[in-house]
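**Q**
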Amino acid sequence: MANKGWWLLTAIAVAVGFAILATTPPRPDKAPIDPQGPSASEAFVHVERIASEPHVTGSAANATVRAYLVDQLEGMGLDVKTVEGKLDEQAQSKLDYWQGSVSTEPATFTNVIGVLPGRDPSLPAVALIAHYDSVWGSPGAADDATGVAAILETVRAIAARGQTERDIVVVLTDAEELGLQGARAFYAADPLADRVGAIVNLEARGGGGIASMFQTSPDNAAAARVYAGAVPRPATSSLSAYIYSVLPNDTDLTPALERGGYTAYNIAFIGRSGFYHSPLATPENLDRGSLRQMLDHTHALALALANADTLPKADGDAVFFDLFGMFVVVFAPWIGWLMLLIAAAGLATGFIRRHQESGSLLSGVARMIGFLVFGGLLLLGLNILSGAGEGAGYYDRLAAIPKLTAMAALGLSAMAALVLGRSQLGASTRIGATLVLLALGVGAQAYAPTAAYVIVIPVMLASLGEGIRGCFGRQAHMAVAAIFVALVTGYMLYLGFFMMQGVGPFMPYVVALPAALGILGWMPLWPGLPSKRTIAPILLVGAIGMSLWVRFDPVAETVATYSPLKPG
Numbered sequence: 001m002a003n004k005g006w007w008l009l010t011a012i013a014v015a016v017g018f019a020i021l022a023t024t025p026p027r028p029d030k031a032p033i034d035p036q037g038p039s040a041s042e043a044f045v046h047v048e049r050i051a052s053e054p055h056v057t058g059s060a061a062n063a064t065v066r067a068y069l070v071d072q073l074e075g076m077g078l079d080v081k082t083v084e085g086k087l088d089e090q091a092q093s094k095l096d097y098w099q100g101s102v103s104t105e106p107a108t109f110t111n112v113i114g115v116l117p118g119r120d121p122s123l124p125a126v127a128l129i130a131h132y133d134s135v136w137g138s139p140g141a142a143d144d145a146t147g148v149a150a151i152l153e154t155v156r157a158i159a160a161r162g163q164t165e166r167d168i169v170v171v172l173t174d175a176e177e178l179g180l181q182g183a184r185a186f187y188a189a190d191p192l193a194d195r196v197g198a199i200v201n202l203e204a205r206g207g208g209g210i211a212s213m214f215q216t217s218p219d220n221a222a223a224a225r226v227y228a229g230a231v232p233r234p235a236t237s238s239l240s241a242y243i244y245s246v247l248p249n250d251t252d253l254t255p256a257l258e259r260g261g262y263t264a265y266n267i268a269f270i271g272r273s274g275f276y277h278s279p280l281a282t283p284e285n286l287d288r289g290s291l292r293q294m295l296d297h298t299h300a301l302a303l304a305l306a307n308a309d310t311l312p313k314a315d316g317d318a319v320f321f322d323l324f325g326m327f328v329v330v331f332a333p334w335i336g337w338l339m340l341l342i343a344a345a346g347l348a349t350g351f352i353r354r355h356q357e358s359g360s361l362l363s364g365v366a367r368m369i370g371f372l373v374f375g376g377l378l379l380l381g382l383n384i385l386s387g388a389g390e391g392a393g394y395y396d397r398l399a400a401i402p403k404l405t406a407m408a409a410l411g412l413s414a415m416a417a418l419v420l421g422r423s424q425l426g427a428s429t430r431i432g433a434t435l436v437l438l439a440l441g442v443g444a445q446a447y448a449p450t451a452a453y454v455i456v457i458p459v460m461l462a463s464l465g466e467g468i469r470g471c472f473g474r475q476a477h478m479a480v481a482a483i484f485v486a487l488v489t490g491y492m493l494y495l496g497f498f499m500m501q502g503v504g505p506f507m508p509y510v511v512a513l514p515a516a517l518g519i520l521g522w523m524p525l526w527p528g529l530p531s532k533r534t535i536a537p538i539l540l541v542g543a544i545g546m547s548l549w550v551r552f553d554p555v556a557e558t559v560a561t562y563s564p565l566k567p568g
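All residue numbers for the sequence shown refer to UniProt numbering, where the first residue is 1 and numbers rise by one.
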């Protein structure tokens, strides 16, 4: 039993290390500027200028930012133009609400567009896009001064290197915060939109975290391979692309995807979410490591696309994900079916070799279903207790994400203690638990093949472990299980953290699935608890305490100035 416990604790420690690696942005650079490479320090200078004060569309502050952008782009040798338009009725209504007055005429928005000429202007160009306006009352250091600064520094570095094969088109849009007004105008009427073949759009929701490529154009296999081969310290997954496709969220990339015909990448960070649209979203509160990662990704991707012989074509969708920021795995969706067959074979081998424990198969099924169902219901109840639902402030809930994450972790740990229990788990119990997730994997593979990997790969690895135990014995199985825990639990910690940042304030129960996949690997190494009747209640009380802390905590000082909950 002690031997199993040491295996498990060591593997969990490695898993936590992997998760930290995957969720931590790189350190900002402090070295002198390489004339042919991007500098996060130089990019931060742009952030300081752009985000020195709130600069909503139509304001004098926004005009000052625009003049700065034009001056910078012209100084880098770009052909620059500004293109004006009028806000539509809905956008003007939102601006009037912010201002607390009713305008008689729609305000003007102004896009800043520049072209860095390449060697062959007949080739489809590469567009780098971000918006330079902010919401009312927020300096917008992250959203989206970081994106604009990353583009400015990318263009400077590329121009210093020498001409690329293709033109690079810089599109700095206005009025994104009022309904994508600038982007819609560009794609609808600007002749340059017809010349663009590939797009890199930059966004942010928060004040830091890893810069992740979370959305692509459809049929993204070739596009994913370009990203995988070009970007240092990558952060991406086809799961996030699938999830984003079913959410009602928009960015400046939305009109491009609606128009179609582009190879497109959307990159953003969503950590430190309390700073989203916040009056405290200042340069001083920006995670400069996030700026560096966004800059590195933008520069690498822009260079790869601008110098490519041909841009990535629509080539069917791919499954892709980064492994702790080290590299990107890319494969065809049909391989998921092969993995499921391998999983079924591994489970069958393990069951046949350990048939004497067949009586506990249903116990494993019940334990896993119980964890998923009651774990999800527990998080739903805790979230309601925390104040979620009608009347909850959106920005205040974002600020509570760290506490809500702790709440979810404690709640699911309590459920795991109850499900795993005091005893070691036999082979048939483990196989029964795996069968539940295998069934979920089959369903996911059938209906969302680019997202199914997150279930299919852990189930395959767990099933192979059972097959190895059946053929080679306990010690070999323990070694495989330890590797499983390190890799899969590490990835599930990363995924759960990312999911809590994305939808945790409103749907924390979704993290029950990655938690179930994580503890699947624990089962072969589980030494049993001294007393689940003591440990589980303590963890549950901690989860309830975190929930009540969120409920009764004062409204966060970071909430947007136009939020109904804003103090004063």
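Don't be surprised by glycine CBs; every beta carbon is placed ideally from N, CA and C.
From the DSSP output, in three-state form, read off TYR265 for me.
**A** Your numbering for residue 265 matches position 265 in the sequence shown. The answer is strand: DSSP assigns TYR265 an E or B state.
**Q** Pick out whichever of PRO312, GLY421, GLY443 and LEU539 has its Cα sitting closest to the Cα of MET523.
**A** Stepping through the sequence shown from its first residue, residue 523 is reached at position 523. Checking every option, the nearest Cα to that of MET523 belongs to GLY421.
**Q** Just verifying my parser: in three-state terms, what is the DSSP assignment at LYS86?
**A** By one-based count along the sequence shown, residue 86 stands at place 86. Three-state DSSP puts LYS86 in a strand.
**Q** Applying the criterion that 16 or more other CB atoms from any shown protein chain within 10 Å of the CB defines a buried residue, is ALA15 buried or exposed?
**A** On the sequence shown, residue 15 is found 15 positions in, with the first residue counted as 1. By the neighbour-count rule (16 or more Cβ atoms within 10 Å), ALA15 is buried.
**Q** Buried or exposed, going by whether 16 or more other CB atoms sit within 10 Å of the CB of SER273?
**A** The count along the sequence shown starts at 1 and reaches residue 273 at position 273. With 16 or more Cβ atoms within 10 Å of its Cβ, SER273 is classed as buried.
**Q** Would you tell me roughly how many angstroms separate the C-alpha atoms of GLY393 and PRO564, rounded to the nearest one?
**A** Locating residue 393 in the sequence shown gives position 393, where the first residue counts as 1. Locating residue 564 in the sequence shown gives position 564, where the first residue counts as 1. Between GLY393 and PRO564, the C-alpha separation is close to 8 Å.
**Q** DSSP three-state label for VAL155, please.
**A** Taking the first residue of the sequence shown as 1, we reach residue 155 at position 155. Three-state DSSP puts VAL155 in a helix.
**Q** Decide if the stretch 120-139 is in contact with the stretch 166-175; the criterion is three or more beta carbon pairs, one per stretch, under 8 Å apart.
**A** As far as the Cβ criterion goes, the stretch 120-139 touches the stretch 166-175, which means the pair count is three or higher.
**Q** Alpha carbons only, please: which of TYR509, ALA451, GLY411 and ALA433 is nearest the one belonging to VAL535?
**A** As a working note, residue 535 is residue 535 in the sequence shown. The question names Val, but residue 535 is Ile in the sequence shown. It is GLY411 whose Cα lies nearest to the Cα of ILE535.
**Q** State buried or exposed for GLY90, treating a residue as buried only when at least 16 other CB atoms are found within 10 Å of its CB.
**A** Counting from one through the sequence shown, the residue named residue 90 turns up at place 90. It is Gln, not Gly, that sits at residue 90 in the sequence shown. Exposed, by the Cβ-count rule.
**Q** Helix, strand or coil for LEU239? Go by DSSP, reduced to three states.
**A** Taking the sequence shown and counting its residues from 1, one reaches residue 239 at position 239. Residue state, collapsed to three classes: helix.
**Q** Taking the CB atoms as reference points, tell me whether MET213 and ILE270 lie closer together than 7 Å.
**A** Position 213 of the sequence shown, counting from 1, holds the residue named residue 213. Position 270 of the sequence shown, counting from 1, holds the residue named residue 270. No, they are not a contact pair.
**Q** Just curious, the alpha helix (DSSP H) that LEU172 is in, first and last residue?
**A** The residue given as residue 172 occupies position 172 in the sequence shown. Unbroken run through LEU172 is the beta strand (DSSP E), 168-173; no alpha helix (DSSP H).
**Q** To which residues of the same chain is GLU48 closer than 8 Å at the C-beta, ignoring the five residues directly before and after it?
**A** To locate residue 48, count along the sequence shown from 1; it is residue 48. Cβ within range, chain order: PRO283.
**Q** Any contact between the stretch 357-376 and the stretch 427-443? By contact I mean 3 or more CB pairs, one from each, below 8 Å.
**A** Judged by Cβ distances under 8 Å, the stretch 357-376 makes contact with the stretch 427-443, as three or more pairs qualify.
**Q** Could you give the C-beta distance for ALA300 and ALA230, rounded to a whole number, given that I count them as a contact under 8 Å?
**A** Looking up residue 300 in the sequence shown gives position 300. Looking up residue 230 in the sequence shown gives position 230. ALA300 to ALA230, Cβ: 5 Å. Contact.
**Q** By how many angstroms is the C-alpha of MET415 removed from the C-alpha of ALA144?
**A** Position 144 of the sequence shown, counting from 1, holds the residue named residue 144. Position 415 of the sequence shown, counting from 1, holds the residue named residue 415. Just to set this straight, residue 144 is Asp in the shown sequence, not Ala. Near 40 Å, if we compare the C-alpha coordinates of MET415 and ASP144.
**Q** On a CA-only basis, which of VAL171, ASP322 and ALA308 is nearest ALA235? Give me that one, please.
**A** Indexing the sequence shown from 1 puts residue 235 at position 235. Minimum Cα distance to ALA235 is reached at ASP322.
**Q** Output the distance between the C-alpha atoms of residue 570 and GLY208, rounded to the nearest integer angstrom.
**A** This structure leaves residue 570 out entirely; the chain is present only between 1 and 568.
**Q** Starting from the C-beta of MET478, find all residues in its chain whose C-beta is less than 6 Å away, skip the five residues before and the five after it, and write them out in chain order.
**A** Residue numbering aside, residue 478 sits at position 478 when the sequence shown is read from its first letter. So the list reads TRP7, once near-sequence residues are dropped.
**Q** Grab me the residues of ALA444's own chain with a C-beta within less than 6 Å of its C-beta, minus the 5 sequence neighbours each way, in chain order.
**A** Counting from 1 along the sequence shown, the entry for residue 444 is found at position 444. Cβ neighbours of ALA444 beyond the five flanking positions: ALA452 and ILE455.
**Q** Counting only runs that start and end within the stretch 311-369, where is the alpha helix (DSSP H) found for 4 or more residues in a row?
**A** Listed in chain order, the complete alpha helix (DSSP H) runs (minimum 4 residues) inside the stretch 311-369 are 335-353.
**Q** If you drop the 5 nearest sequence neighbours on each side, which residues of the same chain put their C-beta closer than 7 Å to that of LEU295?
**A** In the sequence shown, counting from the first residue as 1, residue 295 sits at position 295. Answer for LEU295: PRO38, ALA40, ALA43, ALA150, GLU153 and THR154, listed in chain order.
**Q** What is the DSSP secondary structure of PHE109, counted as helix, strand or coil?
**A** The residue labelled residue 109 in the question sits at position 109 within the sequence shown. Strand at PHE109.
**Q** Could you please give me the residues that DSSP links to HIS131 through a beta bridge?
**A** Here residue 131 refers to the residue found at position 131 of the sequence shown. According to DSSP, HIS131 bridges with THR173.
**Q** DSSP three-state call for VAL196: helix, strand or coil?
**A** To locate residue 196, count along the sequence shown from 1; it is residue 196. Note: VAL196 maps to strand in three-state DSSP.
**Q** Identify every residue that forms a DSSP beta bridge with ASP190.
**A** As a working note, residue 190 is residue 190 in the sequence shown. Paired residues: none, contrary to the question.
**Q** Determine the direct distance from the alpha carbon of ALA462 to that of ALA486, and round the result to whole angstroms.
**A** Locating residue 486 in the sequence shown gives position 486, counting from the first residue. Locating residue 462 in the sequence shown gives position 462, counting from the first residue. About 12 Å.
**Q** Grab me the residues of GLY77's own chain with a C-beta within less than 6 Å of its C-beta, minus the 5 sequence neighbours each way, in chain order.
**A** As a first step, residue 77 must be located in the sequence shown, where it is residue number 77. Closer than 6 Å at Cβ, skipping near neighbours: ALA159.
**Q** Decide if residue 569 is buried, meaning its Cβ has at least 16 other Cβ atoms within 10 Å, or exposed.
**A** Nothing can be reported for residue 569: it is not among the residues displayed for the chain, which extend from 1 to 568.
**Q** Tell me where the beta strand (DSSP E) around GLN215 begins and ends.
**A** Numbered from its first residue, the sequence shown carries residue 215 at position 215. From DSSP, the beta strand (DSSP E) with GLN215 extends over 212-216.
**Q** Could you pull out every residue in the same chain whose Cβ sits closer than 8 Å to the Cβ of ILE401, ignoring the five residues on either side in sequence?
**A** The sequence position of residue 401 within the sequence shown is 401, counting from 1. Closer than 8 Å at the Cβ level, and outside the excluded window around ILE401, lie SER273, GLY274, MET500, GLN501, GLY504 and PRO505.
**Q** In whole angstroms, what is the alpha-carbon distance linking GLY521 and ILE544?
**A** As a first step, residue 521 is located in the sequence shown; it is residue number 521 there, counting from the start. As a first step, residue 544 is located in the sequence shown; it is residue number 544 there, counting from the start. Computed Cα separation, rounded: 27 Å.
**Q** Go to HIS299, then tell me how far its alpha helix (DSSP H) extends in each direction, as first and last residue.
**A** Position 299 of the sequence shown holds residue 299. First-last of the alpha helix (DSSP H) with HIS299: 288-306.
**Q** Could you name the residues of the same chain whose beta carbon sits closer than 7 Å to that of ASP315, not counting the 5 residues immediately before and after it, in chain order?
**A** Locating residue 315 in the sequence shown gives position 315, where the first residue counts as 1. ASP219, ALA221 and ALA222, listed in sequence order.
**Q** Below 8 Å, how does it come out for the stretch 93-113 and the stretch 249-258: are there three or more Cβ pairs, yes or no?
**A** The answer is no - the stretch 249-258 does not touch the stretch 93-113, with fewer than three Cβ pairs under 8 Å.
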